[in-house]
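Residue numbers (my numbering), protein chains in the order written: chain A, 772 to 1421; chain B, 162 to 412.
Beta carbons: idealized from backbone N, C-alpha and C, even for Gly.
Read through the structure below, which is laid out as structure tokens, and then see the notes.
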Ligand SMILES: Nc1ncnc2c1ncn2[C@@H]1O[C@H](COP(=O)(O)OP(=O)(O)OP(=O)(O)O)[C@@H](O)[C@H]1O
Ligand SMILES: [Mg+2]
């Protein structure tokens, strides 16, 4: 106090300065600096994404132009026409297969069940089989020994017989434990009368090593039945249809394949020519950096050899334009095939099997004539030197339904399959997660006792701490198989998309992602509920409302925006998740047609492909576009939820 | 109307008693005020009457019984939800829902399952008129209730309470958050409501108690010290403590 000048009692003369900075200033600069750094890093990331993605569209446009000018595009139109008809033929084959399967019923599954059971039983008698093998080798060794006594041989033979007996005993015991409830695929029809013969056949096969008579009988029975089914008039018709659909396919295939060689050549030249500036630049760099004159000369030679004249596309394309004449013939053959194929196609009602009926329905629903007409129109108006506009290129990326990379033919970067995959998983996950997390938050916040609260909350929040790879692993190994197995049950057959055919599906990934979203949504929702003034609760109860009415009519509406923001942020959490979708989604790049189908995702494709592409390539740019889109989605979601929360807190 | 008989009450399973052996009978269609220093248990007793104390899990009435309209409200067969439909409550801090004015007033009826638009319209108008608010808000029924002034919001809460036509209205310091003009309006309203409802009001204002109430109960440290006609209590209290409190010597 003595030091203070009485005239300036509040000056900070006492606080020490370091380099002219006081402690207060230091704290300010420290935190201010941190905040600035965060902003700079975000800007840097955005710049990095945009910088790398920016080359994509011009590059893609160039590639698409080459795709067109080389004639690949029109050949794809041809091939698509062919595929549209070939598909029908394939559906006919499937319909017949499944009809046979259905009509054969339990008989059809005897041999697969026999194999499954045999593998299962063999696992239980590993010890006995090893012992038997050992006894056999022992016996054969003894026999070739020079001085062998009869008793020795006899002992070995006895031992071998013993082993054989114990093997027989073990396998009999093993097979007797088998019954049809153990069959992996629960949807397979079974028949009690086959159980004992299957058991006996396994024993017979294991002890004698021969194909059991029962199995041969079954095969004969099957063959006979199949012949009978094939003789049915409508199956005959079906086979006729199949043959009709298939008739023009091979010829058209050859026709297209031959032309493809020409287009491929043109494209290769075009690619080389387009790459000249790059190659030139890298060669020049190499020359300037070369250590010896030898290398320099070598590179110079290469540089001189560079093919700098633009390929003569107009000449190269001539045979492809000329092919239009033959195409017309093939086209009408396809049209003819469609007509005659449909003319003999049997009615759905003739089939017994559900699956077969579905295939016939698929054929009837397909409109190949329309597809052909559309493609034909494209072929007619097609011009090889018409350039792809930037708009078309951008549209091709955002609305393209094909993501094909590393193709020897043509790469396509259409994001729709990935985007729809990501969104579909996120929606399935939300549909599962929202009731649990919002309901859970309501329960914990409003209805649970103190003890329950202290138990449930940390438990749910703990889920967040589970590393996503662990969850993904669980989904990969356990959950997929479980869903697949239990979805076969008739109890779920009314659910669309069931039974689930694959292990790695949107449903599987959605379940895991739901688990990951629950803590986020739950915690934010609980916060929102906590922010509802207690007075609302009291006012409502005092008016004679029940707890449930109070929650539904007062509490939830007054924190609705908080809940919506929580759900949105949960969505953001899900859409950015990578590990689970990479492992569990199935990696099938196509627009999913069901919530139990396999799919691929934006995050998954990034993780999977970024390691294997060359820096600066088209594929590289495409991946950065995906990353940029992902970033924008995340940013958008965050922005919207912040806005909602801000409006709400006003 | 409300017969409180020898009631003791505890918030912590009987460890400490906040109310001690309270007995008083509250007559029908009269205004009864509870006065007393802070923390003496006025709100607690009020909340016993509509069983709002049920929200505190550890609370319990340790002795005695409360009868409302002749029925023991703590007996097993009483549904607190039903009870509260007949006993309205107005809180110290006005607390309309973040809904429109109309929806606030209609809330009590809607949760009873009334959906008919005409019935609701009529009830809303009647209640708002009853709460002397109709003229001020009739053109903005669809606006948010939170846009009203404090006094209007409190009257809206009263309208919300009377919309379900309860027999009794409990008011816990309804004017403590209001300015004098708004207070005067609410007081006027209370004197009008007396015609129809039995009103129990907790207040810290001696003037208010003497102005509006017919009966007054004075509490001190959880005990009922004196209860009787308001005039008697204010002009001629029989207990020394009451006199001290009223004349402002403590509290
Ligand atoms: N929910 C509660 N849990 C535990 N104790 C409570 C609770 N509410 C009130 N109390 C206690 O009960 C006693 C009486 O409180 P009460 O609110 O009834 O007083 P009051 O007379 O209304 O006071 P004020 O005039 O300040 O509103 C106080 O000691 C208070 O601390
Ligand atoms: Mg109080």
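Contacts of residue i in chain B (Cβ-Cβ under 9 Å)
i: residue 1218/A; result: Those within 9 Å of residue 1218/A in chain B number zero; the least Cβ separation is about 12 Å.
i: residue 1317/A; result: 242 and 272
Neighbourhood of residue i by C-beta, 8 Å cutoff - its chain only, sequence neighbours within 5 removed
i: residue 937/A; result: 899 and 902
i: residue 836/A; result: 1158 and 1159
i: residue 403/B; result: 379, 386, 387 and 394
i: residue 809/A; result: none
i: residue 846/A; result: 1027, 1030, 1031, 1034 and 1091
i: residue 1095/A; result: 1150
Range of the contiguous alpha helix (DSSP H) that encloses residue i
i: residue 796/A; result: 794 to 824
i: residue 269/B; result: 262 to 272
i: residue 367/B; result: 367 to 373
i: residue 1208/A; result: 1187 to 1213
i: residue 1349/A; result: Premise fails: residue 1349/A is in no alpha helix (DSSP H) and is neither H nor E.
i: residue 1269/A; result: Taken as a continuous stretch (DSSP letters only), residue 1269/A belongs to no alpha helix (DSSP H), as it is neither H nor E.
i: residue 1379/A; result: 1373 to 1380
i: residue 376/B; result: Segment 376 to 381 is the beta strand (DSSP E) holding residue 376/B; no alpha helix (DSSP H) there.
i: residue 250/B; result: Run containing residue 250/B: none in the alpha helix (DSSP H); it sits in the beta strand (DSSP E), 248 to 251.
i: residue 277/B; result: Residue 277/B -> no alpha helix (DSSP H), and no H or E assigned at all.
Range of the contiguous beta strand (DSSP E) that encloses residue i
i: residue 363/B; result: 359 to 363
i: residue 390/B; result: 384 to 390
i: residue 178/B; result: 178 to 187
i: residue 330/B; result: 329 to 333
Partners in chain A for residue i, counting only beta-carbon separations shorter than 7 Å
i: residue 259/B; result: 1329
i: residue 355/B; result: Going along chain A, no residue has its Cβ under 7 Å from residue 355/B, so there is no contact; the nearest lies around 20 Å.
Contacts that residue i makes with chain A (C-beta to C-beta distance below 9 Å)
i: residue 252/B; result: 1306, 1309, 1310 and 1313
i: residue 321/B; result: 1310 and 1314
i: residue 245/B; result: 1312, 1313, 1314, 1315 and 1316
Contacts around residue i, its chain only, beta-carbon distance under 7 Å, and the 5 residues preceding and following it disregarded
i: residue 1409/A; result: 1343
i: residue 986/A; result: 882, 885 and 972
i: residue 265/B; result: 257, 258, 306, 317 and 321
i: residue 1357/A; result: 1273, 1275, 1276, 1369 and 1370
i: residue 1411/A; result: 1339
i: residue 412/B; result: Confidence at residue 412/B is low in this model, with a pLDDT of 49, below 50, so the placement of that residue should be treated as unreliable; the coordinate-derived value is given next. The answer, listed in chain order, is 198 and 406.
i: residue 1372/A; result: 1189, 1192, 1193, 1196, 1352 and 1356
i: residue 373/B; result: 192, 348, 351 and 352
Cross-chain neighbours of residue i in chain B, by beta carbon under 7 Å
i: residue 1325/A; result: 258
i: residue 1320/A; result: 272
Other residues of its chain near residue i: CB distance less than 6 Å, five sequence neighbours each side excluded
i: residue 1301/A; result: none
i: residue 1232/A; result: 1290
i: residue 960/A; result: 876 and 877
i: residue 851/A; result: 1146
i: residue 353/B; result: none
i: residue 1267/A; result: none
i: residue 772/A; result: Confidence is the limiting factor: at residue 772/A the pLDDT is only 48, short of 50, which leaves the residue's position unreliable, though a coordinate-based value still follows. Taken in chain order, the list of residues that qualify is empty.
Residue i: CB within 7 Å of a non-hydrogen atom of ligand 4
i: residue 209/B; result: By its list of ligands, the structure shown excludes ligand 4, since it contains just ligand 1 and ligand 2.
key: Under 8 Å (Cβ pairs) to chain A, residues found in the region 269 to 295 of chain B   = 269, 271, 272 and 273
task = Return the residues of the region 1290 to 1301 of chain A that lie within a Cβ-Cβ distance of less than 9 Å from chain B, sorted by chain order.
result = none
key: Positions along the region 184 to 214 of chain B whose CB lies within less than 8 Å of some CB in chain A   = 211 and 213
task = Determine which residues of the region 325 to 350 of chain B have a Cβ less than 7 Å from any Cβ of chain A, and write them out in chain order.
result = 325
task = Would you list the residues whose beta-carbon is nearer than 7 Å to any heavy atom of ligand 2, in the order they occur in the chain?
result = 203/B, 204/B, 253/B, 333/B, 334/B and 363/B
ask   = Residues in the region 1196 to 1228 of chain A with C-beta within 7 Å of chain B's C-beta atoms, listed in sequence order?
value = none
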